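Participant: To convert, note that position 512 of the first sequence is 511 in numbering that gives the first Met the number 0; the numbers rise steadily by one, no gaps.
Ideal placement from N, C-alpha and C gives every residue a C-beta, glycine not left out.
The structure presented is a predicted model; accordingly, all values stated were derived computationally and were not measured.
Please see the structure below; I have some questions.
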Amino acid sequence: MKHKIEDLIRQAIHILVENDTLDASMAPDIQVTRTKDASHGDFASNIALTLAKAAGRPPRDLAQAICDALPDDAELDKTEIAGPGFINFFVSADISQNVIKMILAQGEDFGRSSIGAGKKIQLEFVSANPTGPLHVGHGRGAAYGASVASLMRAAGFDVDCEYYVNDAGRQMNILAVSIWIRYLQEHDIDIPFPSNGYKSDAYIFDIARKLKQDHDGAFVFKTEEVMHDIHPDEPAEDGDKELHIDGLIERAQNLLGEAAYLIIFNAGLDSILADIRDDLEDFGVHYENWYSEKSLGQRDLINTAVEQLQAAGHIYEHKGALWFKSTDFGDEKDRVVIRDNGQATYFASDIAYHMDKFQRGYERVINIWGADHHGYVPRVKAAIRALGEDENKLDILLVQFAILYRGGERVQMSTRSGSFVTLRELREEVGNDAARFFYVMRKCEQHMDFDLDLAKSQSNDNPVYYIQYAHARVCSVLNQLKEKNLQHDIEKGNSHLAQLTESHETELITKLATYPDVLEKAAINAEPHSLVHYLRELANLFHTYYNAHQFIVEDDAIRDARLNLIRATRQVIHNGLSLLGVSSPESM
RNA sequence: GCGCCCGUAGCUCAGUUGGAUAGAGUGUUGGCCUCCGAAGCCAAAGGUCGGUGGUUCAAAUCCACUCGGGCGCGCCA
0 MKHKIEDLIR QAIHILVEND TLDASMAPDI QVTRTKDASH GDFASNIALT LAKAAGRPPR
60 DLAQAICDAL PDDAELDKTE IAGPGFINFF VSADISQNVI KMILAQGEDF GRSSIGAGKK
120 IQLEFVSANP TGPLHVGHGR GAAYGASVAS LMRAAGFDVD CEYYVNDAGR QMNILAVSIW
180 IRYLQEHDID IPFPSNGYKS DAYIFDIARK LKQDHDGAFV FKTEEVMHDI HPDEPAEDGD
240 KELHIDGLIE RAQNLLGEAA YLIIFNAGLD SILADIRDDL EDFGVHYENW YSEKSLGQRD
300 LINTAVEQLQ AAGHIYEHKG ALWFKSTDFG DEKDRVVIRD NGQATYFASD IAYHMDKFQR
360 GYERVINIWG ADHHGYVPRV KAAIRALGED ENKLDILLVQ FAILYRGGER VQMSTRSGSF
420 VTLRELREEV GNDAARFFYV MRKCEQHMDF DLDLAKSQSN DNPVYYIQYA HARVCSVLNQ
480 LKEKNLQHDI EKGNSHLAQL TESHETELIT KLATYPDVLE KAAINAEPHS LVHYLRELAN
540 LFHTYYNAHQ FIVEDDAIRD ARLNLIRATR QVIHNGLSLL GVSSPESM
């Protein structure tokens, strides 16, 4: 309809050009938008306002001229000139009502489109270090990423979701050592726990006990063997937690040997990663790929990437390390890729990882990162350009933190201190539906206050229930119908849609008709929150209608038509909620 | 110090490729169940869109400056 109106305006302007009212050199940018206010009709155009100056005529005059030149169209009831010179278009009622038939016929497919044209998109999100369970901060990225993936699929994109598993690097070694020391303590070996280790985390004890169960004393060493010549830990005089833990990592690797160390390392990695997978799966967040950081090294991709940068002349040596000259590509300073000890940095892995993403043939790569990584964006973009790839294919979306409050106080979250609130705890407390919904209620770049007490104690007031209630109410009405031994004849309803003339009905119908537009925009802009707001408004119109009118009435024709309308409403609510990973219960 | 994000009703937030009288929720106040679910509906009240200047037919939206709040600036990951 929108495109049709644009076309009509184009024809009108063409006529005005021919009779010299307008100059042909003006290339009008025809904008037709849906109106916010029903009194302004269904669609509006500002064309007269934008052309007025160039045409040297008052906007309202020009609007009148355009209206006069508009070809007649059966689908339009009337046009009006309003305000400073807007042209408002009123779509005829039977055309609007057609959307009900369409919704009922298309069912779950209503709103889906093919604008994505099957383009291959990669969406990477969460990618939290497998050093502990996901916490509430990760939940926002998970809910947001999964919703964006659903939206984009509904818009016809071919989306792969990926989790980048940071299974290499120092943090993982600290994890392995933490497990080993708990394991030694389980064997009554007296060793102080490093202050920089994963100290008070229950899962470390669990993994250590499992290790004891499976391997008994295979990895036991005496206190003296483990601790001699290790740099003192932090609380002590001259203590340094970093040197201390690094010493322990090296000692573990030397004493245990590669094979045994790997067993402990993997015991931690596998256990924690399995937990993360389960957690996400239970949260309705599904991944096509779990991509291992370690595999980059095993496939020599890191060296390949560095060599490629070197060959292109973007690498130099300084103080024994290899640096990427990222300042040539807009970064604020150059970055080390190979340390003076010969080890690659995390950034080097990431360059290789992104190189591989591009080589896997995605037309667009989207990274969803926590906002604390924003400083990292320029260097990754720099690397991509330096590798000769198109940086515009990479979008990095930054999700701001969800700040938790409990008892009016900010909850400190840190995997290291062990005082975090896990995603699993949150899900159990407020439920998956409320959690998924709450996380995407706000646009991602907005800081979010997440009041745990409120989410828990007043979960009945959650907007998600308001929307679900509208869905359940429709189901309830249809049940009532059965109890009264009445049938709902959808065909008959479709043929009597013209009976839906109440203002509550036309408003609801108009709202239903905008669903595909909302979906398309939400998908393209990666903004699930706009769908949330739409669903709330839709539910509100339904509840209002429900209170104002009786659906199960004597008159068959009106009854069937109204039931078609509320059935269509239920369908759209269901479609929208399922894209957000929220259930649509039939009763509550 | 430099960079990124945010500032809209008492509170939490929509609205920003410039459009008509700036909108919701929540809270406050007052109404609505002999009637399909009151987890609902209706009404009232609540605003210098942080501030100043600029751009134009039109600015919450764009530009400059400025004031607040958050975050980031490792040969950590």
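Taking residue 291 as part of the beta strand (DSSP E), name the residues at either end of that continuous run.
Facilitator: Element bounds for residue 291: 288 to 291.
Participant: Just tell me which of 7, 195, 534, 40 has its CA closest to the CA of residue 242.
Facilitator: Out of 7, 195, 534, 40, 195 has the C-alpha closest to the C-alpha of residue 242.
Participant: For residue 179, which residues does DSSP report across the bridge?
Facilitator: Paired residue(s): none; residue 179 is not in a bridge.
Participant: Does residue 353 pass the burial test, meaning 16 or more other C-beta atoms within 10 Å, or should it be called exposed?
Facilitator: Residue 353 is buried by the Cβ-count criterion.
Participant: Just the Cα atoms here: how many angstroms apart are residue 96 and residue 88?
Facilitator: Straight-line Cα distance between these residues: approximately 16 angstroms.
Participant: Drop a sphere of 10 angstroms on the beta-carbon of residue 416, count the other beta-carbons inside from all chains shown, and report buried for 16 or more, exposed for fewer.
Facilitator: Note on residue 416: pLDDT 45, under 50, position unreliable in the model; the coordinate value appears next. Classification for residue 416: exposed.
Participant: Report the residue from 11, 107, 41 whose alpha carbon sits nearest the alpha carbon of residue 47.
Facilitator: It is 11.
Participant: Where does residue 114 land, buried or exposed, given buried means 16+ other C-beta within 10 angstroms?
Facilitator: So residue 114 counts as exposed.
Participant: With residue 369 as the anchor, note down where its alpha helix (DSSP H) starts and where it stops.
Facilitator: Counting along the chain, residue 369 falls outside any alpha helix (DSSP H), though it belongs to the beta strand (DSSP E) covering 363 to 369.
Participant: With the cut-off set at 8 angstroms, would you say residue 359 and residue 392 are in Cβ contact?
Facilitator: Result no, Cβ atoms of residue 359 and residue 392 do not sit closer than 8 angstroms.
Participant: What do you get for residue 544, buried or exposed, if any count of 16 or more other CB atoms within 10 angstroms of its CB means buried?
Facilitator: Its Cβ being crowded by 16 or more others within 10 Å, residue 544 is buried.
Participant: With distances taken Cα to Cα, identify the nearest neighbour of residue 116 among 154, 132, 136, 129.
Facilitator: The option with the nearest alpha carbon to residue 116 is 154.
Participant: For the alpha helix (DSSP H) that residue 1 lies in, which residues bound it at each end?
Facilitator: From DSSP, the alpha helix (DSSP H) with residue 1 extends over 1 to 17.
Participant: Residues in its own chain within less than 7 angstroms of residue 246 by CB, not counting five upstream and five downstream?
Facilitator: 229, 230, listed in sequence order.
Participant: Starting from residue 436 and walking both ways along the alpha helix (DSSP H), at which residues does that stretch end?
Facilitator: It spans 431 to 438 - the alpha helix (DSSP H) in which residue 436 sits, taken as one unbroken run.
Participant: By how many angstroms is the C-alpha of residue 129 removed from the C-alpha of residue 573?
Facilitator: Residue 573 and residue 129: Cα-Cα distance of roughly 35 angstroms.
Participant: What is the C-beta distance between residue 256 and residue 435, in whole angstroms, given that I count them as a contact (C-beta under 8 angstroms)?
Facilitator: Not a contact, Cβ separation roughly 46 angstroms.
Participant: Apply the 10 Å Cβ neighbour rule to residue 9 and answer buried if 16 or more other Cβ atoms are within range, or exposed otherwise.
Facilitator: Per the 10 Å Cβ criterion, exposed.
Participant: Suppose the cutoff is 7 angstroms on Cβ atoms and the five residues either side in sequence are ignored; what does the same chain contact list for residue 57 look like?
Facilitator: Around residue 57: 51.
Participant: Can you say whether residue 421 is buried or exposed, counting buried as having 16 or more other CB atoms within 10 angstroms of its CB?
Facilitator: Label assigned to residue 421: buried.
Participant: Would you mind listing the alpha helix (DSSP H) stretches within the region 509 to 535 that are 4+ residues and don't spill past its ends, in chain order?
Facilitator: Here no run is fully enclosed.
Participant: Looking at the unbroken beta strand (DSSP E) that takes in residue 161, where does it start and where does it end?
Facilitator: Here the beta strand (DSSP E) through residue 161 covers 157 to 164.
Participant: Leaving out five residues before and five after residue 147 in sequence, what residues of the same chain have Cβ atoms less than 6 angstroms from its Cβ?
Facilitator: So the list reads 525, once near-sequence residues are dropped.
Participant: Under 8 angstroms: do the region 156 to 176 and the region 119 to 126 share three or more Cβ pairs, one atom per stretch?
Facilitator: Yes: at least three Cβ pairs fall under 8 angstroms.
Participant: With 16 other CB atoms within 10 Å as the buried threshold, where does residue 317 fall?
Facilitator: By the neighbour-count rule (16 or more Cβ atoms within 10 Å), residue 317 is not buried but exposed.
Participant: When you compare the CB positions of residue 567 and residue 94, do they come within less than 8 angstroms of one another, or not?
Facilitator: Taking 8 angstroms as the Cβ cut-off, residue 567 and residue 94 do not qualify as a contacting pair.
Participant: Please report the distance separating the alpha-carbon of residue 0 from that of residue 90.
Facilitator: When rounded, the distance between both Cα atoms is 9 angstroms.
Participant: Which residue marks the beginning of the alpha helix (DSSP H) containing residue 449, and which one marks its end?
Facilitator: Taken as a continuous stretch (DSSP letters only), residue 449 belongs to no alpha helix (DSSP H), being part of the beta strand (DSSP E) at 447 to 450.
Participant: Who are the Cβ neighbours of residue 126 in its own chain at under 6 angstroms, not counting the five residues just before and after it?
Facilitator: Here the set comprises 162, 163.
Participant: Who pairs with residue 44 in a beta bridge, going by DSSP?
Facilitator: The partner list for residue 44 (beta bridge, DSSP) reads 31, 86.
Participant: Using three-state DSSP, classify residue 326 as helix, strand or coil.
Facilitator: Correct three-state label for residue 326: helix.
Participant: Which same chain residues end up closer than 8 angstroms to residue 314 when comparing Cβ atoms and leaving out the 5 residues on each side of it in sequence?
Facilitator: Here the set comprises 305, 308, 321, 322, 323, 324, 336.
Participant: On the premise that residue 559 lies in contact with residue 488, defined as a C-beta separation below 8 angstroms, what is that separation, rounded to the nearest angstrom?
Facilitator: Contact flag correct, Cβ pair sits at about 5 angstroms.
Participant: Does residue 83 pass the burial test, meaning 16 or more other C-beta atoms within 10 Å, or should it be called exposed?
Facilitator: Answer is exposed; the Cβ neighbour count stays below 16.
Participant: Between 514, 367, 62, 328, which has its C-alpha nearest residue 384's C-alpha?
Facilitator: The residue with the shortest Cα to Cα distance from residue 384 is 328.
Participant: What do you reckon, is the C-beta of residue 83 under 7 angstroms from a heavy atom of the ligand SAM?
Facilitator: Absent from the structure shown: the ligand SAM. Ligands present: none.
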